[in-house]
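*Asks:*
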Amino acid sequence: MTWVTEVHSKAHILLGQIENARRLAQRSGVDSDALCRELYRKVDELYETEFPLAKAMDESDLVFHLEGPALRDHTPKLKLIEAIFSNIRQQVFSVAKAVAQLRDDANISDQDVELSLSALAPGSLYIGIKAEPPERHDGQQHMLGADDPILRATREAMRSIRIISKYLDEDSIEAREEVPDAKVRDAALVAVARLAPTTKSGIARVTIASSDEKRSEVGSPLTPKLRKELRHQLRQDKTGPTQFSIRGDVRELDLDFRRFELRRLTLDPTASVRCQLLPDAMINLETLAGRHVEVSGFGEGASSGIPRMLRVVRVTVFNEMGVAEDPGLFA
27 MTWVTEVHSK AHILLGQIEN ARRLAQRSGV DSDALCRELY RKVDELYETE FPLAKAMDES
87 DLVFHLEGPA LRDHTPKLKL IEAIFSNIRQ QVFSVAKAVA QLRDDANISD QDVELSLSAL
147 APGSLYIGIK AEPPERHDGQ QHMLGADDPI LRATREAMRS IRIISKYLDE DSIEAREEVP
207 DAKVRDAALV AVARLAPTTK SGIARVTIAS SDEKRSEVGS PLTPKLRKEL RHQLRQDKTG
267 PTQFSIRGDV RELDLDFRRF ELRRLTLDPT ASVRCQLLPD AMINLETLAG RHVEVSGFGE
327 GASSGIPRML RVVRVTVFNE MGVAEDPGLF A
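Take a look at the structure:
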């Protein structure tokens, strides 16, 4: 049963009760309108509040429920909605990139991830978003349609965000079972941390939900307090079962969470590794942009011999001649 069908079923029950109440009122000589007024109010409330949310749950890949002072009236500022939607797009794209395993020469941006606003419902604020097949420059959809790799990656990214928002721990057994890829789990947790509201946003809580034919799933409430806790959690030292040393080029710095992508690997130029720079490395991440390096750290073993996610404890920077540079230049 879909969410909309369930709302209609509730409405049919109420309308049946109204019909029975009218008959009773006629037999008893009572004012039927007065007797049914409360039931009519419940029908109105059902379609004003529950129906928009039900439609959002049925038609969206993800639904965001936002609560807080900035959303107390039913006409939130357009600037706020645009900022929220922009943040959602950026975070979904960041995880979609991890899912898609894009080559270094793949020239795409968050604008290539087609997200539509599938619903906007009052009652605090419910925002439903749905991944759509990307359009070509001439406005026509790509022939691949639902098989487009970016579309598939976007849908998997939204699923991963919702799952990680439930467990809030990328290393939990449940998270590992539902999202086996360590790189995607880490990217999703960073995305969840950025989707959590700030203290200055006027939003007190964000809840992420999704639904399919079998069940609905709701993540843990994201609050400003949780945002701080996640930032601390994501910067903590972690190790993995296997030690690796890998050479490649540093790309896509994330200074807030001390992450970067290692691309054009010596072992496999088409592969990439997501890296977390741990404090033990004693290096300024900002100085590594675009440099060729060898990173050493811990990660989960892979059949290819290249981990998807690496916790880096040592970095060696090489110049254009392939000679290691003085570590003091990058501290």
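All the letters of the sequence shown, read from the start, carry residue numbers 27 to 357 under our numbering. Every residue, glycine too, gets a C-beta built ideally from N, C-alpha and C.
Thinking C-beta only, is Val-276 closer than 8 Å to Gly-316?
*Replies:* Going by C-beta atoms, Gly-316 is nearer than 8 Å to Val-276.
*Asks:* Could you tell me how far apart the beta carbons of Gly-245 and Arg-185 are, in whole angstroms, since I believe they sit closer than 8 Å?
*Replies:* Contact flag wrong, Cβ pair sits at about 12 Å.
*Asks:* Taking the alpha helix (DSSP H) that Gln-117 belongs to, which residues open and close that run?
*Replies:* Residues 104-126.
*Asks:* Under the assumption that Val-338 contacts Leu-304 (Cβ atoms under 8 Å), give the Cβ distance between them as a whole number of angstroms.
*Replies:* So it is a contact: roughly 6 Å between Cβ atoms.
*Asks:* When you compare the CB positions of Gln-117 and Arg-253, do they come within less than 8 Å of one another, or not?
*Replies:* It is not a contact, given that the beta carbons lie outside the stated cut-off.
*Asks:* Should Leu-311 and Arg-284 be called a contact, given that it needs their Cβ atoms to be closer than 8 Å?
*Replies:* It is a contact, given that the beta carbons lie within the stated cut-off.
*Asks:* If you draw a straight line from the C-alpha of Leu-291 to the C-alpha of Gly-325, how long is it?
*Replies:* Taking the straight line from one Cα to the other gives about 16 Å.
*Asks:* Given a cut-off of 8 Å on the beta-carbon distance, is the pair Pro-159 and Ala-126 in contact?
*Replies:* Cβ atoms of Pro-159 and Ala-126: not closer than 8 Å.
*Asks:* Please name the residue in Gln-269, Pro-295, Glu-76, Leu-281 whose C-alpha comes closest to that of Arg-340.
*Replies:* It is Gln-269 whose Cα lies nearest to the Cα of Arg-340.
*Asks:* Suppose contacts are defined by Cβ-Cβ distances below 8 Å. Is Ile-229 in contact with Ala-96 by that definition?
*Replies:* Yes, these two residues count as a Cβ contact at 8 Å.
*Asks:* Give the range of the beta strand (DSSP E) segment to which Cys-272 is assigned.
*Replies:* The question names Cys, but residue 272 in the sequence shown is Ile. 268-280 is the span of the beta strand (DSSP E), which, as asked, contains Ile-272.
*Asks:* With Ile-229 as the anchor, note down where its alpha helix (DSSP H) starts and where it stops.
*Replies:* Note, Ile-229: premise wrong, no alpha helix (DSSP H); not H, not E.
*Asks:* Answer with buried or exposed for Lys-192, where buried requires no fewer than 16 other C-beta atoms within 10 angstroms of its C-beta.
*Replies:* Result: buried.
*Asks:* For Glu-64, which of helix, strand or coil comes out of DSSP?
*Replies:* Glu-64: helix per DSSP, three-state reduction.
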